[in-house]
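Colleague: Residue numbers (the numbering used here), protein chains in the order written: chain A, 38 to 442; chain B, 43 to 409. Where a beta carbon is used, it is the ideal one built from N, C-alpha and C, also for glycine. Sharing a structure below in structure tokens format, with a few things to ask.
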């Protein structure tokens, strides 16, 4: 049976709202509309109760206490707040920040901004899977280092960093450790205590919650301080002012609770579906490259380079499947993915990469449709490709001297 | 309990019509607007339409609209994003504006008169060499409207761009004054929480949050599509409803004000000034505002002492202190703020219980 088209398989860009999440939000979108900061009437109290509950749900998902959760408008804000907030607050202690070349733009662009404001930033190179090692991080830390920022899982290639080992190095060296946990949380194990994380950025809409809501975990013991970006009103213990988005927060809380409940089963299910897709593609097509680590990766993420196919042409050819050629944040640009480039993937090959993000609501039928559809379309495109013909004949394309034109 | 909600300046219920417009974005149109595939482009279309609609309502170009997470972020972006060296503001602005202005290297807070009106002469003197002036359209605590045409003329003469915090004015008065940038919040006009906008004309802005191309690089982060749709629907609806709503709320507010003034020792803030139609700030001598709130709550009437942001603190309102109130009188102030859902019966009920509530509060204050 053909599933309903187009099939959404871009769950690293955003996820649909889980109906149970919307249900949890509904009271706060209708009758319980109070301002959580209103202390003088039940409308405000009920809103505050909802916010407190969500703090506990989100804290529970990452092993934090509810007092350590600061609500923001999303992960981009959380990451900006973590990096700028630490750099500003601890500027007398040092001015060196360490991050990784394959981080999300929210981290890299914020780091660039810090450089303009006088910080020194080290961008660690990764191995071909997009991973760094504890030794590599240890070697980069200096007596000026105040912050290390490493993502839990990469948004494009799905590789999962050894966060616990990196956290241990930071703790030993007395350096604050921020983890962009947006893509990994709810999908792979993450615990701020075990992983020795001091700050962590989270997003609602990547875990089947609403858009426009995120959180920053800020450790209390030992206490981590940050300077706010948005000031005035003193909400969120002065770290983030502004009327709380109560329905968004209630939804985010429910989404976190569901992730925690579903985590082992859902990881297994999305892993199985991803392997079903991956195994079929790799057994029916040649000249494929898996991007990201074969084992240490998000269960539902598959990033593949289809050599000798033009990436944009492939996107057009498989338009019944909503997938992405990179991250959504950079998908409007025609530049090859900087993440793949940092992993040593050639520009040509990077252009042929497709990211499949399998999520909670994808079915086996959908995966079976997609796997055959993609194989058919890639074969069709390759039949029209003289480069593929040459490659099949054993000609090494990199050795060819093309005529100038 | 059928409580009467008279705290609309803190937040308003989400209108059903606005919710209905938001629903598709919370369900099938959930994709990331930055995704190039069809679902992504469908989400992008929602954002584009919302932007055009807000621009039409505000009389500006779509590219001049920046969607944000709310009024506080809009104020921070409008003020700090312009990277001002010297900023001029008033003593009674919302904490979001004062908080942002405090981060500028130099900040002048222009005083208000006892009437609650802006000291325009002091403003004129403060403006030279300023890089930005930020003045609210209407005060959140007292409802006093500032004369933005005159403020804008002074700013124009001094060559200083004007940022207007219109969060409390929207829906309650026409937004027909001049501005170079303007902050709005959705949840004060029966839209969703977590959504706001900053409109900017001819001013260069540096984004406060980096890491994506969204909002032309001035506000990175995945767009809150449902919130953006809600913002545009709420703004459109508020501007359409305002001409009819304003006289209706004003009549109800005036009725409540008359009842309050019959109580001896009542002081209405900004009574002689022009005020938005829905706000009544009244201080009762010999009372604690907090006691009044608790007593009103027992009667099923939800009000506040001032801004929700400072709710729970026992500090007297800085707005009332700036108007020359004594700390003691300022502590006896409560704010009634009305919205479209309030009925004549509800206001009558508030009028009926208010004298008893005040006299009981006075009793507890003396003991």
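Does any CB atom of chain A fall closer than 8 Å to the CB of residue 321 of chain B?
Modeller: Cβ-Cβ to chain A under 8 Å: no for residue 321 of chain B.
Colleague: Using CA atoms only, rank isn't needed, just tell me which of A:244, A:142 and A:138 is closest to residue 255 of chain B.
Modeller: Per the Cα distances, A:142.
Colleague: Strictly by DSSP, which residues pair up with residue 190 of chain A?
Modeller: DSSP, once it has assigned bridges, lists A:197 as partnering residue 190 of chain A.
Colleague: Can you pull the DSSP bridge partners for residue 187 of chain B?
Modeller: Residue 187 of chain B is bridged to B:180.
Colleague: Nearest to residue 380 of chain A by alpha carbon, out of A:358, A:159, A:340 and A:250?
Modeller: The candidate whose alpha carbon is nearest that of residue 380 of chain A is A:340.
Colleague: Using the Cβ count rule (16 or more neighbours within 10 Å means buried), how would you classify residue 429 of chain A?
Modeller: Result: exposed.
Colleague: Among the residues of its own chain, which have a CB less than 6 Å from the CB of residue 188 of chain A, if the five just before and after it don't count?
Modeller: Excluding residues within five positions, the ones whose Cβ falls inside 6 Å are 140 and 217.
Colleague: On a Cα-Cα basis, can you pick out the residue from A:273, A:269, A:243 and A:149 that is closest to residue 254 of chain A?
Modeller: Cα-wise, what sits closest to residue 254 of chain A is A:273.
Colleague: Can you give me the C-alpha to C-alpha distance between residue 317 of chain A and residue 409 of chain A, rounded to a whole angstrom?
Modeller: Looking at the two C-alpha atoms, the distance is approximately 8 Å.
Colleague: Do you know how far the Cα of residue 205 of chain A is from the Cα of residue 292 of chain A?
Modeller: If I take the Cα positions, the gap works out to 29 Å.
Colleague: Who are the near neighbours of residue 115 of chain A in its chain, counting only those whose CB is closer than 6 Å to its CB and skipping five residues on each side?
Modeller: Hits under 6 Å: 109, 238, 251 and 253.
Colleague: Could you pull out every residue in the same chain whose Cβ sits closer than 8 Å to the Cβ of residue 282 of chain A, ignoring the five residues on either side in sequence?
Modeller: Same-chain partners within the cutoff: 108, 110, 249 and 250.
Colleague: Would you check if the segment 57–73 of chain A and the segment 46–61 of chain B touch, i.e. whether three or more CB-CB distances between them fall below 8 Å?
Modeller: Flag = yes, the segment 46–61 of chain B and the segment 57–73 of chain A touch.
Colleague: Taking residue 86 of chain A as the reference, give the member of A:287, A:119 and A:178 with the closest Cα.
Modeller: Nearest C-alpha to residue 86 of chain A: A:287.
Colleague: Between residue 409 of chain B and residue 282 of chain B, what straight-line distance do the alpha-carbon atoms span, to the nearest angstrom?
Modeller: Only weak support exists for where residue 409 of chain B lies, its pLDDT of 44 falling under 50; the value from the coordinates is given anyway. When rounded, the distance between both Cα atoms is 51 Å.
Colleague: Checking 8 Å against the spacing of the C-beta atoms, do residue 391 of chain B and residue 331 of chain B come in under that value?
Modeller: Not closer than 8 Å, so no.
Colleague: Please classify residue 126 of chain A: does DSSP put it in a helix, a strand, or coil?
Modeller: Residue 126 of chain A: helix per DSSP, three-state reduction.
Colleague: Counting pairs of beta carbons, one from the segment 353–360 of chain A and one from the segment 297–310 of chain A, are three or more of them closer than 8 Å?
Modeller: The answer is no - the segment 297–310 of chain A does not touch the segment 353–360 of chain A, with fewer than three Cβ pairs under 8 Å.
Colleague: With 8 Å as the C-beta to C-beta threshold (strictly closer), list the residues of the segment 142–175 of chain A near chain B in chain order.
Modeller: For the segment 142–175 of chain A, which is checked against every Cβ of chain B, the residues closer than 8 Å are 142, 143, 144, 145, 146, 147, 149 and 150.
Colleague: Sort B:215, B:120 and B:77 by Cα distance to residue 391 of chain A and report the nearest one.
Modeller: Closest option to residue 391 of chain A, Cα to Cα, is B:77.
Colleague: Between residue 382 of chain A and residue 342 of chain A, is the Cβ-Cβ spacing less than 8 Å?
Modeller: Against a cut-off of 8 Å, the Cβ pair of residue 342 of chain A and residue 382 of chain A comes out as a contact.
Colleague: Report the start-end ranges of each alpha helix (DSSP H) in the segment 326–381 of chain B that is 4 residues or longer and not cut off at the edges.
Modeller: You should have 331–340, 360–364 and 369–373.
Colleague: Starting from the C-beta of residue 40 of chain A, find all residues in its chain whose C-beta is less than 8 Å away, skip the five residues before and the five after it, and write them out in chain order.
Modeller: Cβ within range, chain order: 400, 402, 403 and 406.
Colleague: Residue 77 of chain A and residue 347 of chain B: beta carbons closer than 8 Å?
Modeller: Taking 8 Å as the Cβ cut-off, residue 77 of chain A and residue 347 of chain B qualify as a contacting pair.
Colleague: Please look up how many angstroms separate the CB atoms of residue 3 of chain A and residue 120 of chain A, rounded, as I've assumed it's under 8 Å.
Modeller: Within the shown structure, residues of chain A are numbered from 38 to 442, placing residue 3 of chain A beyond reach of any answer.
Colleague: Could you check the C-alpha separation between residue 220 of chain B and residue 242 of chain A for me, to the nearest Å?
Modeller: In a straight line, the C-alpha of residue 220 of chain B is about 37 Å away from that of residue 242 of chain A.
Colleague: Below 7 Å, is the gap between the Cβ of residue 155 of chain A and the nearest heavy atom of the ligand NAD?
Modeller: Here there are no bound small molecules, and the ligand NAD is not part of this structure.
Colleague: Going along the chain, which residues of the segment 223–237 of chain B sit with their C-beta nearer than 8 Å to a C-beta in chain A?
Modeller: Per Cβ criterion, the list reads 227, 229, 234, 235, 236 and 237.
Colleague: Check whether the segment 320–331 of chain B and the segment 361–376 of chain B touch, using three or more Cβ-Cβ pairs below 8 Å as the test.
Modeller: Result yes; three or more Cβ-Cβ pairs closer than 8 Å.
Colleague: Three-state secondary structure (DSSP) at residue 157 of chain A?
Modeller: Strand, per DSSP.
Colleague: On the DSSP bridge assignment, give the partners of residue 105 of chain A in chain order.
Modeller: Per DSSP, none; premise fails for residue 105 of chain A.
Colleague: What did DSSP end up calling residue 197 of chain B once you bin it into helix, strand or coil?
Modeller: Helix, per DSSP.
Colleague: Against chain D, with Cβ distances strictly below 8 Å, would residue 198 of chain B count as a contact?
Modeller: Absent from the structure: chain D. Protein chains present are A and B.
Colleague: So the candidates are A:200, A:212, A:59 and A:398; which of them puts its Cα closest to the Cα of residue 229 of chain A?
Modeller: Checking every option, the nearest Cα to that of residue 229 of chain A belongs to A:200.
Colleague: For residue 27 of chain A, which three-state DSSP category applies?
Modeller: Since the displayed chain A opens at 38 and closes at 442, residue 27 of chain A lies outside it and no answer follows.
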